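Chemist:
There are 2 protein chains.
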Amino acid sequence: MKERLSAQERRRRIVEAAVELFSRKGFRGTRTREIAEAADISEAMIYRHFATKRELYSAIIEAKSATEELLASAATVAQRKDDAGVLRAVGLKMIEQTEADPSLMRLLLFSALEGHELSDIFFESRVKRLHEFLSNYIRKGIKEKRFRSMDPLIAARGFIGMIVHYLLIHELFGVKRPPRSSPEEVVEQFASIFLKGIER
Amino acid sequence: MKERLSAQERRRRIVEAAVELFSRKGFRGTRTREIAEAADISEAMIYRHFATKRELYSAIIEAKSATEELLASAATVAQRKDDAGVLRAVGLKMIEQTEADPSLMRLLLFSALEGHELSDIFFESRVKRLHEFLSNYIRKGIKEKRFRSMDPLIAARGFIGMIVHYLLIHELFGVKRPPRSSPEEVVEQFASIFLKGIER
DNA sequence: TGCTAACAAGTAAGCACTTACATACTTACT
DNA sequence: AGTAAGTATGTAAGTGCTTACTTGTTAGCA
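So the sequences go chain by chain: F and G. In this text, residue positions in the first sequence follow our numbering: the first is 3, and each later residue adds one. In this text, residue positions in the second sequence follow our numbering: the first is 3, and each later residue adds one.
1) Helix, strand or coil, according to DSSP, for Glu146 of chain F in the structure here?
2) With Ser57 of chain F as the anchor, note down where its alpha helix (DSSP H) starts and where it stops.
3) Tell me, please, whether the CB atom of Lys145 of chain G is closer than 7 Å to any CB atom in chain F?
4) At a CB-CB cut-off below 8 Å, which residues of chain F make contact with Arg131 of chain G?
5) Output needed for Lys55 of chain F: all residues of its chain with C-beta closer than 7 Å, excluding positions within five of it in sequence on either side, in chain order.
6) Which residue wins for smallest C-alpha separation from Lys147 of chain F, given the options F:Ala46, F:Ala76, F:Arg202 and F:Glu5?
7) Compare the C-beta of Arg30 of chain F with all C-beta atoms of chain G and state if any pair is closer than 7 Å.
8) What is the rounded straight-line gap between the Cα of Phe135 of chain F and the Cα of Ser75 of chain F?
9) Using a beta-carbon distance cut-off of less than 7 Å, what residues from the stretch 92 to 112 of chain G approach chain F?
10) Restricting to Cα atoms, I'd like to know which of F:Ala46, F:Lys66, F:Lys178 and F:Phe192 is closest to Arg108 of chain F.
11) Count the other C-beta atoms from every protein chain shown that fall within 10 angstroms of the C-beta of Thr32 of chain G, then say buried if there are 16 or more, exposed otherwise.
12) For Ala20 of chain F and Ile62 of chain F, which I take to be in contact (beta-carbon distance under 8 Å), what is that distance rounded to the nearest angstrom?
13) Using a cut-off of 7 Å between C-beta atoms, extract the partners of Lys198 of chain F located in chain G.
14) So Ile165 of chain F is in the alpha helix (DSSP H); what residue range does that whole segment cover?
15) Kindly indicate which three-state DSSP category Glu116 of chain F falls into: helix, strand or coil?
16) Looking at chain F, is there any beta carbon in it that lies within less than 7 Å of the beta carbon of His172 of chain G?
17) Provide the residue span of the alpha helix (DSSP H) that contains Pro181 of chain F, from first to last.
18) Can you pull out the residues from the stretch 44 to 66 of chain G whose beta carbon lies closer than 7 Å to at least one beta carbon of chain F?
19) Nearest to Gly163 of chain G by alpha carbon, out of G:Phe192, G:Ile123 and G:Ser151?
20) Considering only C-alpha positions, which residue in the set G:Leu58, G:Val17 and G:Glu190 is nearest to Ile97 of chain G?
21) Quick check: what's the CA-CA separation for Ala41 of chain G versus Ile144 of chain G?
22) So what's Glu190 of chain F in DSSP terms, helix, strand or just coil?
23) Compare the C-beta of Phe124 of chain G against all C-beta atoms of chain F and say whether one is closer than 7 Å.
24) Val21 of chain G CB to nearest chain F CB: under 7 Å?
25) Are the Cβ atoms of Phe125 of chain G and Ile200 of chain G separated by less than 7 Å?
26) Using DSSP's beta-bridge definition, name the partner residues of Glu201 of chain F.
27) Cβ atoms of Ala38 of chain G and Ser44 of chain G: under 7 Å apart, would you say?
28) What's the gap between the Cα of Ser60 of chain G and the Cα of Ser25 of chain G?
29) CB Leu174 of chain G to CB Ala114 of chain F, shorter than 7 Å?
30) In chain order, what residues of the stretch 149 to 164 of chain F put their CB closer than 7 Å to some CB of chain G?
31) My assumption, with CB atoms under 8 Å, is that His172 of chain G sits in contact with Val166 of chain F. Please give the rounded CB distance.
32) Decide if Ser151 of chain G is buried, meaning its Cβ has at least 16 other Cβ atoms within 10 Å, or exposed.
33) For Ser206 of chain F, which residues in the same chain have their Cβ closer than 7 Å to its Cβ, ignoring the five residues on either side in sequence?
34) Chain G beta carbons: is any one of them nearer than 7 Å to that of Gln10 of chain F?
35) Report yes or no: is there a C-beta of chain G within less than 7 Å of the C-beta of Ile76 of chain F?
Spelled out as structure tokens, the structure:
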């Protein structure tokens with residue numbers, strides 16, 4: 003018999019293995035057998051901890067929806083009133099996090115495409131709140147006459163879109179980036195274009 | 003017995019039914035049975051025209067990779083040397099096409115996520131060539147001193163990213179757009195920010 | 001009359017989930 | 001402190017349904 007773990011720790015390991023597989027192959031593309039093998043247990047153990055494969059998937063989405071790292075760090079930088087700094091920080095953080103662990107982006111896309119019931123919650127916690135944060139920042143800038151008059155939400159989505167698209171191209175479609183275009187330089191260019199574009 | 007069609011016409015109908023299903027549910031999520039039902043034939047008929055489900059999928063990707071409408075219309079507008087006009091035209095065309103038929107975008111994403119072998123070809127024909135077109139346009143503008151010095155490919159991807167992200171949000175994640183933000187107005191705002199951002 | 005489009009009815013493999021049972025750890029009683 | 005009972009963790013081996021693909025046969029058209 004295999005090593006005996008606490009229910010909590012075993013559950014954690016199942017989730018860990020499942021995240022990797024679901025993010026790589028999607029819900030439908032992942033076999034419960036594979037999850038069991040990756041977690042080095044029998045399939046029955048999965049079903050002791052989760053009633054169905056779908057419930058395991060939902061637990062993962064809920065867990066991934068709960069973290070707040072990006073927004074927290076963005077809020078810190080925002081206090082400095084350095085527009086270029088805010089854009090650079092948000093952009094870089096998004097890229098750093100996604101490159102360090104692409105599973106979140108893939109899970110988000112898979113869950114939306116596969117029409118999972120919690121896809122909306124996932125989107126709201128990960129994307130919508132980021133839009134709102136940047137939108138509020140831009141709205142303030144408009145009021146304070148640093149930026150010209152425009153729809154702040156659309157503008158915010160525009161900037162986030164530049165970054166997201168960069169991530170899609172490189173992380174999903176596997177485009178290699180030439181040596182001269184590091185994330186820092188790309189974000190710098192996006193921030194520069196965008197900021198010059200919204201300033202008075 | 004069912005109506006008798008030419009092999010060509012029957013094949014076309016199978017592909018038509020399969021496109022709808024693959025784009026909605028992905029390769030793994032689509033059953034050959036469903037395709038047969040949607041095309042109103044027996045499963046065996048699919049296998050008379052395509053050796054495997056995968057071959058049918060590949061045929062669809064190849065077909066969808068072959069059309070050139072967007073690039074052709076973009077090239078026409080580009081001759082006018084109206085920068086804002088070019089950006090608006092490219093952006094609007096992307097949105098119009100995707101809203102009229104979201105299957106292409108979904109197929110592109112699904113094929114990349116599911117790791118289909120032809121995903122690269124698909125990406126190059128639909129996305130990379132658009133990047134290159136806009137990149138060349140911007141490069142010329144830089145040479146002609148209308149735009150400031152920058153990496154034209156990164157800039158091009160930035161603008162495309164704004165539009166792609168708009169489409170992702172609305173077509174994939176189902177965000178409703180408020181009545182005042184029509185595609186025209188959104189594209190106008192993106193083009194305005196971007197153009198002001200890259201001009202000298 | 002021969003060729004090809006068409007189908008009904010398989011078939012073998014795959015899959016999510018279950019069952020019956022074994023083994024380790026915890027607890028409580030003497 | 002020793003140990004038996006009870007409980008939680010674990011597995012091996014299914015079970016029945018689904019699914020990609022096949023086979024044997026029929027029927028429309030040149």
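Glycine included, C-beta positions come from ideal geometry on N, C-alpha and C. Predicted, not measured: the structure shown is a model, and the values here were computed from it.
Modeler: This is what the structure holds:
1) If DSSP states are grouped into helix, strand and coil, Glu146 of chain F belongs with coil.
2) Reading off the sequence shown, one finds Glu at residue 57 of chain F, where the question assumed Ser. DSSP places Glu57 of chain F in the uninterrupted alpha helix (DSSP H) bounded by Lys55 to Ala68.
3) no
4) Within chain F, no residue comes near Arg131 of chain G; the closest Cβ sits about 13 Å away, beyond 8 Å.
5) Thr34
6) F:Arg202
7) yes
8) 11 Å
9) Within the stretch 92 to 112 of chain G, those residues whose Cβ lies closer than 7 Å to any Cβ of chain F are, in chain order, Arg108, Leu111 and Phe112.
10) Answer by Cα proximity: F:Lys66.
11) buried
12) 6 Å
13) Within chain G, the residues Lys198 and Gly199 have their CB atoms less than 7 Å from the CB of Lys198 of chain F, given in chain order.
14) Pro154 to Leu169
15) coil
16) no
17) It is not in any alpha helix (DSSP H) - Pro181 of chain F carries neither H nor E in the DSSP assignment.
18) Using a CB distance below 7 Å, no part of the stretch 44 to 66 of chain G faces chain F.
19) G:Phe192
20) G:Glu190
21) 51 Å
22) helix
23) Cβ-Cβ to chain F under 7 Å: no for Phe124 of chain G.
24) no
25) For Phe125 of chain G and Ile200 of chain G, no; Cβs fall outside 7 Å.
26) F:Phe149
27) yes
28) 13 Å
29) For Leu174 of chain G and Ala114 of chain F, yes; Cβs fall inside 7 Å.
30) Met152, Asp153, Ile156, Ala157, Arg159, Gly160, Ile162, Gly163 and Met164
31) The pair is not a contact, with the Cβ atoms about 14 Å apart (cut-off 8 Å).
32) Exposed, by the Cβ-count rule.
33) A question about residue 206 of chain F goes unanswered here, because the residues of chain F that appear run from 3 up to 202.
34) no
35) What sits at residue 76 of chain F in the sequence shown is Ala, not Ile. With 7 Å as the cut-off, Ala76 of chain F does not count as an interface residue toward chain G.
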